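Participant: Each position in the sequence shown, counted from 1, maps to that position plus 160 in the working numbering. A virtual CB, placed ideally from N, CA and C, is assigned to each residue, including glycine. Since this is a predicted model, take the numbers as computed values, not measurements.
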Amino acid sequence: MITTNKFKKLEKKATQHIEKNEYQKAKETYIECLAHKPHHIGTLNNLAQTSKILNETAKAQEYNRLLLEELDNQPEIEYTESILIMKINALLSLNKTKQAKQTIEELLKISPDNMIGLFFKIQQLYQNQQYTETIPYINKILNQDPYNIHALLLKGRFHAKLKEYDASEKYYNQILLIDSKNIAAITLKLDLFKQKSENYQAHELMLTAIEYWNNNDLKTSEEYFDKALKINPKYDEIWFCLGELCMELGKIEKSKSSFEKASKLNPKREEIIKSKKIFKTLKIMKIINKILRIKE
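1) With a threshold of 8 Å on Cβ separation, who are the neighbours of S195 within its own chain once the five nearest residues in sequence on each side are excluded?
2) Which residues mark the beginning and the end of the alpha helix (DSSP H) in which H196 is found?
3) Let's test the definition: count the other Cβ atoms within 10 Å of the Cβ of I237 and tell me whether it reaches 16, buried, or not, exposed.
4) Identify the continuous alpha helix (DSSP H) that holds Q259 and give its terminal residues.
5) In three-state DSSP terms, what is D377?
6) If Y307 and I338 are in contact, beta carbons under 8 Å, what's the gap, nearest whole angstrom?
7) Could you pull out every residue in the same chain whose Cβ sits closer than 6 Å to the Cβ of Q289, ignoring the five residues on either side in sequence?
8) I want to check one thing, is the minimum distance from the CB of E324 to the heavy atoms of the ligand MN below 7 Å?
9) Given a threshold of 16 other Cβ atoms within 10 Å of its Cβ, counted over all protein chains shown, does A388 qualify as buried or as exposed?
10) L278 and K258 - do their beta-carbons sit closer together than 8 Å?
11) For I454, I'd like the list of residues in its chain whose CB is within less than 6 Å of its CB, leaving aside the five on either flank, ordered along the chain.
12) Would you decide whether Q209 is buried or exposed? Buried here means 16 or more other CB atoms lie within 10 Å of its CB.
13) By a C-beta neighbour count over all protein chains shown, 10 Å radius and 16 as the cutoff for buried, is D119 buried or exposed?
14) Which residue comes first and which comes last in the alpha helix (DSSP H) that contains K300?
15) Put H310 into one of helix, strand or coil per three-state DSSP.
16) Is L170 near I201, with beta carbons less than 8 Å apart?
17) With distances taken from CA atoms, which of P272, I270, K219 and K321 is nearest T292?
18) Does the contact criterion of 3 or more C-beta pairs under 8 Å hold for the region 313 to 331 versus the region 370 to 388?
19) Could you give the distance in angstroms between the alpha-carbon of K212 and the alpha-carbon of S417?
20) Let me know if S242 comes out buried or exposed under the rule of 16 or more other beta-carbons within 10 Å of its beta-carbon.
21) Using only the alpha-carbon positions, how far apart do L214 and T164 sit?
22) Cα-Cα, which of E408, G410 and L402 is closest to E420?
23) Go ahead and pull the three-state DSSP assignment for S418.
24) For a quick check, are the C-beta atoms of H319 and I346 less than 8 Å apart?
25) Are the CB atoms of L425 and K394 nearer to each other than 8 Å?
26) Should Y331 go down as buried or exposed, given a rule of 16 or more other Cβ atoms within 10 Å for buried?
27) Could you name the residues of the same chain whose beta carbon sits closer than 6 Å to that of E324, not counting the 5 residues immediately before and after it, in chain order?
28) Is the beta carbon of Q284 closer than 8 Å to that of K261?
29) For the putative contact between E371 and K349, defined by C-beta atoms under 8 Å, what is the C-beta separation to the nearest angstrom?
30) Between the beta-carbon of L405 and the beta-carbon of E382, is there less than 8 Å?
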């Protein structure tokens, strides 16, 4: 009983470390957990995952080997969804692709809509260059979560692989509605334009603008957004980003104008703007600037 209580306290402590991104401390705590319960499947899995995050590949593989051995040595274990996911991760880590494939099928058999299982299946098909076959599985994910950015990225990429460029761009645009600063979507859209031999300089400048923004150089970021829009003013995601940046800079009128242009180009933008209560915030900021006599 004492061991069980101590184990639970250590598990809780390790979880707290994970939540704070303290992976080395989490790993050390999971090792303490293992001293109390040497055959605990969950702890072996957690040690494998934290070791992987810490780039300790050999250690991660060793914990995964131990996990698979314990699964073989404990025939009474019920193969629930979570246990199967642990097993798939372990098999993939050890490059046991044939067994991993069988386990993925087993997982999807007992839970056809399991999101992690669906992503495993997509990854497997992608590695075999079976791009068309991935689409139904991605659709299953998007039916459950229409705003799943990873699934939207995959769908865009796979349509691009099939040279279905218009469909591909559609999914990148959906991502940029959800997250206008999504670097993966902007980069893939830029690659798409290059494949289509279209004008792509605007999105190259947009990427540069976001890099400066992420480095807190807002003035230079604004300059690059302006350059991008001078080259091609038809992309609502660039106007929307400029609007958000100008909010941070306190340039209320320019921000408002940028959001209005984004909404005009893509009416769906207005829903995003309303959901974020952007215009209300701009109005408040304008009043504050007036009180403080701040010039834009």
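Facilitator: Well, looking at it:
1) On the sequence shown, residue 195 is found 35 positions in, with the first residue counted as 1. Just to set this straight, residue 195 is Ala in the shown sequence, not Ser. For A195, where only same-chain residues beyond five positions count, there are no Cβ hits under 8 Å.
2) Here residue 196 is taken as the residue at index 36 of the sequence shown, counted from 1. First-last of the alpha helix (DSSP H) with H196: Y183 to H196.
3) Taking the sequence shown and counting its residues from 1, one reaches residue 237 at position 77. Result: exposed.
4) What you label residue 259 is simply residue 99 of the sequence shown in a count that begins at 1. Taken as a continuous stretch (DSSP letters only), the alpha helix (DSSP H) holding Q259 covers T257 to I270.
5) Numbered from its first residue, the sequence shown carries residue 377 at position 217. If DSSP states are grouped into helix, strand and coil, D377 belongs with coil.
6) Locating residue 307 in the sequence shown gives position 147, where the first residue counts as 1. Locating residue 338 in the sequence shown gives position 178, where the first residue counts as 1. About 5 Å separates the two Cβ atoms, so the contact holds.
7) Position 129 of the sequence shown, counting from 1, holds the residue named residue 289. Once the five neighbours on either side are set aside, Q289 has no close Cβ partner at all.
8) Ligands are entirely absent from the displayed structure, and the ligand MN is therefore not among its contents.
9) If you number the sequence shown from 1, residue 388 lands on position 228. Burial call: buried.
10) Here the question's residue 258 lines up with position 98 in the sequence shown. Here the question's residue 278 lines up with position 118 in the sequence shown. The Cβ atoms of K258 and L278 lie no closer than 8 Å to each other.
11) Position 294 of the sequence shown, counted from the first residue, corresponds to residue 454. Residue placement at I454 cannot be trusted, given a pLDDT of 44 that sits under 50; the coordinates are not used to answer.
12) Translated into the one-based positions of the sequence shown, residue 209 becomes position 49. Its Cβ being crowded by 16 or more others within 10 Å, Q209 is buried.
13) Absent from the model: residue 119. The displayed extent of the chain is 161 to 456, so no value can be given.
14) In the sequence shown, counting from the first residue as 1, residue 300 sits at position 140. Element bounds for K300: Y291 to Q304.
15) On the sequence shown, residue 310 is found 150 positions in, with the first residue counted as 1. Look at H310 here: in three-state DSSP terms it is helix.
16) Sequence index remark: in the sequence shown, residue 170 carries index 10 (1-based). Sequence index remark: in the sequence shown, residue 201 carries index 41 (1-based). In this structure, I201 does not lie closer than 8 Å to L170 by Cβ.
17) Counting from one through the sequence shown, the residue named residue 292 turns up at place 132. Comparing Cα-Cα distances from T292 to each of P272, I270, K219 and K321, the minimum goes to K321.
18) no
19) Locating residue 212 in the sequence shown gives position 52, where the first residue counts as 1. Locating residue 417 in the sequence shown gives position 257, where the first residue counts as 1. The straight-line gap from Cα to Cα measures roughly 47 Å.
20) For the purposes of this step, residue 242 is taken as residue 82 along the sequence shown, with counting starting at 1. Exposed, by the Cβ-count rule.
21) Along the sequence shown, read from residue 1 onward, the residue named residue 214 stands at position 54. Along the sequence shown, read from residue 1 onward, the residue named residue 164 stands at position 4. One C-alpha to the other measures close to 28 Å.
22) Taking the first residue of the sequence shown as position 1, residue 420 is located at position 260. Of E408, G410 and L402, the residue nearest in Cα terms is L402.
23) Taking the first residue of the sequence shown as position 1, residue 418 is located at position 258. When secondary structure is reduced to three states using DSSP, S418 falls in the helix class.
24) For the purposes of this step, residue 319 is taken as the residue at position 159 of the sequence shown. For the purposes of this step, residue 346 is taken as the residue at position 186 of the sequence shown. Taking 8 Å as the Cβ cut-off, H319 and I346 do not qualify as a contacting pair.
25) Mapped onto the sequence shown, residue 425 falls at position 265. Mapped onto the sequence shown, residue 394 falls at position 234. Closer than 8 Å, so yes.
26) Here the question's residue 331 lines up with position 171 in the sequence shown. Burial call: buried.
27) Taking the sequence shown and counting its residues from 1, one reaches residue 324 at position 164. Taken in chain order, the list of residues that qualify is empty.
28) Translated into the one-based positions of the sequence shown, residue 261 becomes position 101. Translated into the one-based positions of the sequence shown, residue 284 becomes position 124. Closer than 8 Å, so yes.
29) By 1-based counting over the sequence shown, the position of residue 371 is 211. By 1-based counting over the sequence shown, the position of residue 349 is 189. Not confirmed; about 16 Å, so no contact.
30) What you label residue 405 is simply residue 245 of the sequence shown in a count that begins at 1. What you label residue 382 is simply residue 222 of the sequence shown in a count that begins at 1. Yes, Cβ-Cβ distance for L405 and E382 is below 8 Å.
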